[in-house]
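Asker: One structure follows; several queries about it will come next.
Number of protein chains: 2
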Amino acid sequence: MSNQDTEQKILNAATDVFQSKGMDGARMQEIADKANINKAMLHYYYRSKQKLFEAVFKTAISIMAPKLTEIIEKEEPLFDKIKHFTNSYINLISKHSYIPTFIIHELNRNPEILQDTFVKQFGNSFNKMKTQVNEMVENGEIRPIEPEHLIINVVAMSIFPFVAKPILKAVLQKDEADYQLLLEERKTHVADFVINSIKIN
Amino acid sequence: MSNQDTEQKILNAATDVFQSKGMDGARMQEIADKANINKAMLHYYYRSKQKLFEAVFKTAISIMAPKLTEIIEKEEPLFDKIKHFTNSYINLISKHSYIPTFIIHELNRNPEILQDTFVKQFGNSFNKMKTQVNEMVENGEIRPIEPEHLIINVVAMSIFPFVAKPILKAVLQKDEADYQLLLEERKTHVADFVINSIKIN
DNA sequence: ACTTTTGTCAACCAAACGGTTAAACAATAC
DNA sequence: GTATTGTTTAACCGTTTGGTTGACAAAAGT
Numbered sequence: 174m175s176n177q178d179t180e181q182k183i184l185n186a187a188t189d190v191f192q193s194k195g196m197d198g199a200r201m202q203e204i205a206d207k208a209n210i211n212k213a214m215l216h217y218y219y220r221s222k223q224k225l226f227e228a229v230f231k232t233a234i235s236i237m238a239p240k241l242t243e244i245i246e247k248e249e250p251l252f253d254k255i256k257h258f259t260n261s262y263i264n265l266i267s268k269h270s271y272i273p274t275f276i277i278h279e280l281n282r283n284p285e286i287l288q289d290t291f292v293k294q295f296g297n298s299f300n301k302m303k304t305q306v307n308e309m310v311e312n313g314e315i316r317p318i319e320p321e322h323l324i325i326n327v328v329a330m331s332i333f334p335f336v337a338k339p340i341l342k343a344v345l346q347k348d349e350a351d352y353q354l355l356l357e358e359r360k361t362h363v364a365d366f367v368i369n370s371i372k373i374n
Numbered sequence: 174m175s176n177q178d179t180e181q182k183i184l185n186a187a188t189d190v191f192q193s194k195g196m197d198g199a200r201m202q203e204i205a206d207k208a209n210i211n212k213a214m215l216h217y218y219y220r221s222k223q224k225l226f227e228a229v230f231k232t233a234i235s236i237m238a239p240k241l242t243e244i245i246e247k248e249e250p251l252f253d254k255i256k257h258f259t260n261s262y263i264n265l266i267s268k269h270s271y272i273p274t275f276i277i278h279e280l281n282r283n284p285e286i287l288q289d290t291f292v293k294q295f296g297n298s299f300n301k302m303k304t305q306v307n308e309m310v311e312n313g314e315i316r317p318i319e320p321e322h323l324i325i326n327v328v329a330m331s332i333f334p335f336v337a338k339p340i341l342k343a344v345l346q347k348d349e350a351d352y353q354l355l356l357e358e359r360k361t362h363v364a365d366f367v368i369n370s371i372k373i374n
């Protein structure tokens, strides 16, 4: 067992525990148990619970953020952009289904942990899309809409079914398989729904 | 100071603390301090932290659920229903902005705490709306859409801006006042957006 | 009038928590 | 082969946590 192995095993176990239970609900002992190592090792590699949490949180952001900016920045027609986004973002979240709830909860607990880097990076990408949407509105290619509302709508409809999964599963009376099917449908449904709303007939 | 006063003061303080910090982050001492009473009183009126939490959680559900079923059950044209929903639901959440994140986090932590009562109640209301939407689709009054996706879309676009507020505020570079304005706009925007998407020109 | 019940508090308790220590162990260098 | 460095462990520590206790006062019941 090399040291890199151990450090990675800790981060993996910490990711599991922090993302499912949150910073406050997570226990250092549980992380150690899940990684099959002594609790002292957590402090040997990551000085404190806080530092370990920050490593997990930053990784979570770095999984979700780049794909968002990548798709938004790409030079392509708006409708294609929307289709690409819903498809590949829902796909991404499916592989990391705990992350959205985790980020949302921890950010509401302590809004300051967001480092500017990601925010400013996204701010620039978004400005490009803003002008793209505004120009299309001015040219009468799509119905009038504020770019901010448009992006909130797309992101909301893509992410919400994951964070509200327990309620929606219960309310719509679906088992796990049915719910996965519904999520799969949304990859195209959300894009179609949005495009139908803004396109001019 | 009567006993009813004390019990209510405890529940109010507990609501504050639990909703902003979650079950795991909440401290009984902090609740006692906020209620200006001795910590032993919490256990005198509510036997344990868990029981106190459940009282807060049930109240939170009872604030959010009835309005949802009420609007969905009401006999009125679909478009009016959508307009009423987005307007009055965004309005309701504005007054209890911590609740959605609170419910979502606690439900992901422990999906079993949802009692059937609310779920089954909603199941019936939703069936009515289901047939309403399906009939309109069959009659060619609206574009084809699965009622389940429609309701997820409406709810997602209404609630998401509240749970993702810290991220969206940072990303869209808005201060508190601007963000409140944006939320206000969504009361009509979401309904318009949805109706535009499903209506036939 | 006195007894019982209800409400309130300061002090206390055992358990769980994040974190530390000192020594054992393993790997590499000399 | 031995010194040096990095890795791992069991045992430990101080603090915080949810929860309890016993004393006491104010009502309520008789």
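Protein sequences, first through last, are from chains A and B.
Take any residue in the first sequence, note its place counting from 1, add 173, and you have its number in my numbering.
Take any residue in the second sequence, note its place counting from 1, add 173, and you have its number in my numbering.
The C-beta atom is built at its ideal place from N, Cα and C for all residues, glycine as well.
If contact is defined by three or more beta carbon pairs under 8 Å, each pair taking one atom from either stretch, is the segment 222-235 of chain A in contact with the segment 181-193 of chain A?
Answerer: A contact between stretches requires three or more CB pairs, one per stretch, nearer than 8 Å, and the segment 181-193 of chain A meets this requirement with the segment 222-235 of chain A.
Asker: Inspect the beta-carbon positions of B/N369 and A/R282 and report whether they are closer than 8 Å.
Answerer: Within the second sequence, residue 369 of chain B is the residue found at index 196, counting from 1. Within the first sequence, residue 282 of chain A is the residue found at index 109, counting from 1. Going by C-beta atoms, B/N369 is not nearer than 8 Å to A/R282.
Asker: Which value, in whole angstroms, describes the spacing of the CA atoms of A/L355 and B/L215?
Answerer: Indexing the first sequence from 1 puts residue 355 of chain A at position 182. Indexing the second sequence from 1 puts residue 215 of chain B at position 42. Going by the C-alpha atoms only, they are around 43 Å apart.
Asker: Do B/I286 and B/L280 come within 8 Å of each other at the CB atom, strictly closer than that value?
Answerer: As a first step, residue 280 of chain B is located in the second sequence; it is residue number 107 there, counting from the start. As a first step, residue 286 of chain B is located in the second sequence; it is residue number 113 there, counting from the start. Yes.
Asker: Among the candidates B/K224, B/V327, B/M201 and B/V306, whose CA atom is the shortest distance from the CA of B/K212?
Answerer: By 1-based counting over the second sequence, the position of residue 212 of chain B is 39. The option with the nearest alpha carbon to B/K212 is B/M201.
Asker: Report all residues from its chain with a CB closer than 6 Å to the CB of B/E349; omit the five preceding and five following residues, and keep chain order.
Answerer: Numbered from its first residue, the second sequence carries residue 349 of chain B at position 176. Result list for B/E349: empty, nothing under 6 Å.
Asker: With a Cβ-Cβ cutoff of 8 Å, do A/I210 and A/I183 count as a contact?
Answerer: Your numbering for residue 210 of chain A matches position 37 in the first sequence. Your numbering for residue 183 of chain A matches position 10 in the first sequence. Contact: yes.
Asker: Helix or strand or just coil, what does DSSP make of A/K268?
Answerer: The residue you call residue 268 of chain A lines up with position 95 of the first sequence. DSSP places A/K268 in the helix class (H, G or I) of the three-state scheme.
Asker: Residues bridged to B/I315 by DSSP?
Answerer: The count along the second sequence starts at 1 and reaches residue 315 of chain B at position 142. Answer is B/K372, bridged to B/I315.
Asker: DSSP three-state call for B/E246: helix, strand or coil?
Answerer: Here residue 246 of chain B corresponds to residue number 73 of the second sequence, with the count starting at 1. Per DSSP, reduced to three states, the secondary structure at B/E246 is helical.
Asker: Quick one: is B/G296 near chain A, going by C-beta distance under 8 Å?
Answerer: Mapped onto the second sequence, residue 296 of chain B falls at position 123. The Cβ of B/G296 sits closer than 8 Å to at least one Cβ of chain A.
Asker: Can you pull the chain A residues whose beta carbon is under 9 Å from the beta carbon of B/G313, in chain order?
Answerer: Your numbering for residue 313 of chain B matches position 140 in the second sequence. None at all; the shortest Cβ gap to chain A is about 15 Å.
Asker: Is A/I236 close to chain B? Criterion is C-beta to C-beta, closer than 8 Å.
Answerer: As a working note, residue 236 of chain A is residue 63 in the first sequence. By this cut-off, A/I236 is not an interface position.
Asker: In chain order, what residues of the same chain have a beta carbon less than 8 Å from the beta carbon of A/T242, not counting five sequence neighbours either side?
Answerer: As a first step, residue 242 of chain A must be located in the first sequence, where it is residue number 69. Leaving aside the five residues that flank A/T242 on each side, the residues in its chain whose CB is nearer than 8 Å to its CB run, in chain order, Q294, F295 and S298.
Asker: Quick one: grab the DSSP three-state call for A/D197.
Answerer: For the purposes of this step, residue 197 of chain A is taken as residue 24 along the first sequence, with counting starting at 1. A/D197 falls in the helix class under three-state DSSP.
Asker: Is the Cβ of B/Q346 closer than 8 Å to any Cβ of chain A?
Answerer: Translated into the one-based positions of the second sequence, residue 346 of chain B becomes position 173. So yes, B/Q346 belongs to the interface.
Asker: May I have a chain-ordered list of the alpha helix (DSSP H) segments no shorter than 4 residues that lie completely inside the segment 175-238 of chain A?
Answerer: 176-198, 201-208 and 212-218
Asker: Could you check what DSSP says for B/Q294 in three-state terms: helix, strand or coil?
Answerer: The residue labelled residue 294 of chain B in the question sits at position 121 within the second sequence. In this structure, B/Q294 counts as helix in the three-state DSSP scheme.
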